[in-house]
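Chains as they are written, first to last, in the numbering used here: chain A, 4 to 359; chain B, 4 to 359.
Let me begin by presenting the structure, written as structure tokens, before commenting on it.
There are 2 protein chains.
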Amino acid sequence: MTGDTGGEDGRGDGGAYTYEDAGVDLDAAEALKERLGSLVASTRTEAVRAEFGSFGGRFRTSEPGAELVASADGVGTKLKVAFRAGRHDTVGQDLVNHCVNDLLAEGAVPLVFLDYVATGELEDETVHDVVAGIARACRENGCALLGGETAEMPGFYPGGEYDLVGFVVGEVAFPEIGTRDLRAGDRLVALPSSGLHTNGYSFARGLLFERAGLSVDDPFPGEAAGTVGEVLLRVHRSYLDDLAPSCRAGRIRALAHVTGGGIPGNLGRVLPDSLDAVVDVDSWEPPAEFRWLWDESGAPRDEIYRTLNMGVGMIAVVREDEAPAVVDALEERGAGAFVCGRLAEGDGSVRLAGRD
Amino acid sequence: MTGDTGGEDGRGDGGAYTYEDAGVDLDAAEALKERLGSLVASTRTEAVRAEFGSFGGRFRTSEPGAELVASADGVGTKLKVAFRAGRHDTVGQDLVNHCVNDLLAEGAVPLVFLDYVATGELEDETVHDVVAGIARACRENGCALLGGETAEMPGFYPGGEYDLVGFVVGEVAFPEIGTRDLRAGDRLVALPSSGLHTNGYSFARGLLFERAGLSVDDPFPGEAAGTVGEVLLRVHRSYLDDLAPSCRAGRIRALAHVTGGGIPGNLGRVLPDSLDAVVDVDSWEPPAEFRWLWDESGAPRDEIYRTLNMGVGMIAVVREDEAPAVVDALEERGAGAFVCGRLAEGDGSVRLAGRD
């Protein structure tokens, strides 16, 4: 997302720099955040409309017209799993879907996507597979692949490795999502993730490859179905098509895309100072791969919910009386949805309620 | 630029993939280009308006309003020079100015910029310096730094190293530049580069650091003033402010931003099939650093002009009778400008005339 500085995560838009990463010195990070924030603020122009921005930056042209949103993202060290598995046609989908979800959290639908693929030495098949994945996800999201950069940088990346960055520009289609008119009593509707999405991969790789000594072809330990490679490479799901009907109906008041920082880190972004989000972590069972990673790590509950999405990839804030219709609409599409909590009077905190 | 696949260079916009890189197998590259082109074409939507696009991709929103242009770029292996010199506050300027020049070549002025900085381990001072350079160039170009992504990816980059990617969105302000109404007899007005800009660094590093065994603190060999590090890190110049008055006056018919592929590779992008560009390479003396690199490499003339910008960073195509006014306007600003050639009947080729 475009919203954080830190481990496999983004940096703020339009003046606000936030930081979420359990593994980083938070005092130093806070200081860096403030310094970068002043730099960003020094560039502000009339084009910027980012008062509420956090998942993407809002801007406009000099003429009347649609409000625009842009966001930049990488895939992080999920790429390392793709390198191990020799499979390069899924990470492009991860990248596009991640960007599209970030736009949606700002009430925007994608228009165009640009990619950057950097390698030490250009390998045609690999680049083709990466771009094929990008193109597939662009088609699925109704977004044009407008262009890109394929950089061959000798000495930068070992053979077979690459970095992959995506940029998306969209237009605001659901303005009420961006204005975030939230109230105590609003319900939190959770949409399941399809796996780890694009966060927590350094953590998961450490546990699976280093501590447990597994390879990508081994069965994923515990009860998850598939090999380590298959489970870890499951494509970051796009929520655009599933959520669009409820967005068009005006029933979605805010959306939190659960990426780096997990549910607490991302739900916190959409809260006003006067409201808390109370998430009932007993309202769903984390899928088997999350349970194994949690057990194996021995991490405290609050830490694991900040490191991994734990099975929830997007949270919609809806009015209490509209929650059943939103859940039904999502269930009818086979999108999976359930109420996982509510907003309450508070101070902008995200509270995890339920088992420890 | 967004316009090539190859060594430190870009990839096409809106369906057209072109390729320029002396160091890459051109047959294989041609095959990859066609395959990527079909992938891009498969994603085309109504938002895309890229018939003429080559330095940036054109698109529009669903509402009437300004036509938009987006472009993605990296700094390439100029970063390796920054690493050697321990100087990180200039590469961000290179990146922004490169992107801004690409937009200008499509007739657009920048609105917002997003950056991606990826490191193995986050080093606060380095990230701060990089972003400070980006912010400075954004201010200078009247462009807002809308957001970005700072990715910490353990195992991806050695200590102290990073990759840096930029993404710019602008609006078309000078539409006649994008339509490229060119005629035989039009003059080519060259604007000096400030150095190597952001291309040819693998070539230059090989000659200076490996073959000549120099360090960044050694004086640049030959007659160039400054150390190797100073000469190589000179900031890629932005041409926006210098060219804007002539653009506003409607006197600029096309612009070629001279990046990867040099003058032939980039001037060729703006030519119709019926016209050649004849560049008189005797009309200027390549600056001392280019002369040393050329002498040292022993490269044939046509090859060196494809590898390095040879002292010309932007070429404007103007009507013959307007050329003096354009040159005068640029000279008055201290921008440096001279007529370096003309368009002639032909087949879309760029011909270098003058000394071998």
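For glycine and all other residues, C-beta sits at the position ideal for the given N, C-alpha and C.
As the structure is a computational prediction, the values presented were derived from the model and not from experiment.
Neighbour flag for residue i against chain A, beta carbons, 7 angstroms
| i | result |
| --- | --- |
| B/Phe170 | yes |
| B/Phe62 | yes |
| B/Asp166 | yes |
| B/Ala259 | no |
| B/Asp76 | yes |
| B/His131 | yes |
| B/Asp127 | yes |
| B/Leu210 | no |
| B/Gly242 | Here the sequence assigns Tyr to residue 242 of chain B, which means Gly is not the residue at that position. With 7 angstroms as the cut-off, B/Tyr242 does not count as an interface residue toward chain A. |
| B/Leu148 | yes |
| B/Leu29 | Note that B/Leu29 has pLDDT 48, beneath the 50 cutoff, so the model's placement of it is unreliable and the number below is only indicative. For B/Leu29, the answer is no, since every Cβ of chain A falls outside 7 angstroms of its Cβ. |
| B/Ala356 | no |
Nearest candidate by alpha-carbon position, reference residue i, set the options
| i | options | result |
| --- | --- | --- |
| A/Asn202 | A/Glu299, A/Gly337, A/Ala88, A/Phe293 | A/Phe293 |
| B/Thr48 | A/Ser57, A/Leu114, A/Asn269 | A/Leu114 |
| A/Gly150 | B/Gly40, B/Cys141, B/Pro161, B/Ala326 | B/Gly40 |
| B/Phe116 | B/Met156, B/Asp127, B/Ala75, B/Ala108 | B/Ala75 |
| A/Lys36 | B/Val130, B/Asp92, B/Thr122 | B/Val130 |
| A/Ser352 | A/Val282, A/Gly209, A/His200 | A/Val282 |
| A/Phe177 | A/Leu246, A/Thr310, A/Leu42, A/Asp298 | A/Leu246 |
| B/Gly362 | A/Leu199, A/Gly123, A/Arg214, A/Ser197 | This structure cannot settle anything about residue 362 of chain B, because the visible part of chain B is limited to 4 through 359. |
| A/Thr46 | B/Ala140, B/Asp331, B/Glu233 | B/Ala140 |
| B/Phe58 | B/Val43, B/Gly339, B/Glu155, B/Val103 | B/Val103 |
| B/Glu179 | B/Pro222, B/Phe62, B/Ala252, B/Asp350 | B/Ala252 |
| B/Glu152 | A/Thr310, A/Gly263, A/Ala332 | A/Gly263 |
| A/Arg214 | A/Glu164, A/Val321, A/Trp295, A/Gly339 | A/Trp295 |
| B/Gly271 | B/Glu233, B/Gly198, B/Asp350, B/Glu126 | B/Asp350 |
Close Cβ partners of residue i (< 8 angstroms) along its chain, the five nearest in sequence each way excluded
| i | result |
| --- | --- |
| B/Ser286 | Ala193, Phe341, Val342, Cys343, Gly344, Gly357 |
| A/Leu355 | Ile266, Pro267, Val282, Val284, Arg304, Asp305, Tyr308 |
| B/Glu156 | For clarity, residue 156 of chain B is Met in the given sequence; the question names Glu instead. Same-chain partners within the cutoff: Ala121, Thr122, Gly123. |
Neighbourhood of residue i by C-beta, 6 angstroms cutoff - its chain only, sequence neighbours within 5 removed
| i | result |
| --- | --- |
| B/Leu29 | Its pLDDT being 48, under 50, B/Leu29 is placed unreliably in this model, and the value from its coordinates should be taken loosely. Correct list: empty, nothing qualifies. |
| A/Ala319 | Val192, Ile255, Leu258 |
| A/Gly173 | Val72, Leu106, Ala111, Val112, Pro113, Leu114 |
| B/Ala147 | Val115 |
| B/Val261 | Asn269, Asn312, Val315, Gly316 |
Rounded C-alpha distance that separates residue i from residue j
| i | j | result |
| --- | --- | --- |
| A/Ser241 | B/Leu235 | 43 angstroms |
| A/Arg87 | A/Lys81 | 10 angstroms |
| A/Ala135 | B/Asp105 | 26 angstroms |
| B/Val364 | A/Arg90 | Nothing in the structure corresponds to residue 364 of chain B, since chain B is present only between 4 and 359. |
| A/Glu143 | A/Asn269 | 25 angstroms |
| B/Val84 | B/Arg304 | 26 angstroms |
| B/Ala328 | B/Gly337 | 14 angstroms |
| B/Pro195 | A/Ala207 | 51 angstroms |
| B/Tyr204 | B/Asp189 | 32 angstroms |
| A/Leu243 | A/Glu334 | 15 angstroms |
| B/His239 | A/Val175 | 34 angstroms |
| A/Tyr308 | A/Ala228 | 22 angstroms |
| B/Ala302 | B/Ser249 | 36 angstroms |
| A/Val94 | A/Glu323 | 37 angstroms |
| A/Pro290 | B/Asp220 | 56 angstroms |
| A/Ala108 | A/Gly181 | 8 angstroms |
| B/Gly225 | A/Leu217 | 56 angstroms |
| B/Ala280 | B/Ala326 | 16 angstroms |
| A/Trp297 | A/Leu211 | 12 angstroms |
Any non-hydrogen atom of the ligand PLP within 6 angstroms of residue i CB
| i | result |
| --- | --- |
| B/Arg322 | In the structure shown, the ligand PLP is absent, as is every other ligand, since no ligand is present at all. |
Any C-beta of chain B under 7 angstroms from that of residue i
| i | result |
| --- | --- |
| A/Ala347 | no |
| A/Glu292 | no |
| A/Glu66 | yes |
| A/Thr46 | yes |
| A/Ser57 | no |
| A/Ser300 | no |
| A/Tyr308 | no |
| A/Ala228 | no |
| A/Thr80 | yes |
| A/Arg142 | yes |
| A/Glu408 | Because chain A here runs from 4 to 359, residue 408 of chain A falls outside it and cannot be looked at. |
Residue-level contact to chain C via CB, residue i, 7 angstroms cutoff
| i | result |
| --- | --- |
| A/Ala50 | The chain labelled as chain C is not found among the protein chains of the depicted structure, namely A and B. |
Sequence-distant residues of its chain with Cβ nearer than 7 angstroms to residue i (five each side left out)
| i | result |
| --- | --- |
| B/Asp184 | Arg256 |
| B/Ala187 | Leu278, Leu346, Ala347, Glu348 |
| B/Asp92 | Asp132, Ala135, Gly136 |
| B/Gly162 | Gly123, Glu124 |
Does the pairing of the region 166 to 179 of chain A with the region 97 to 111 of chain A give three or more beta-carbon distances under 8 angstroms? Yes: the two stretches touch, three or more of their Cβ pairs being nearer than 8 angstroms.
For the structure I just gave you, are there three or more beta carbon pairs, one from the region 131 to 149 of chain A and one from the region 259 to 278 of chain A, closer than 8 angstroms? Because the criterion of three Cβ pairs below 8 angstroms is not met, the region 131 to 149 of chain A and the region 259 to 278 of chain A do not touch.
Could you tell me whether the region 64 to 75 of chain B touches the region 66 to 73 of chain A, where touching means 3 or more Cβ pairs closer than 8 angstroms? With a cut-off of 8 angstroms on Cβ pairs, the region 64 to 75 of chain B is in contact with the region 66 to 73 of chain A, counting three or more such pairs.
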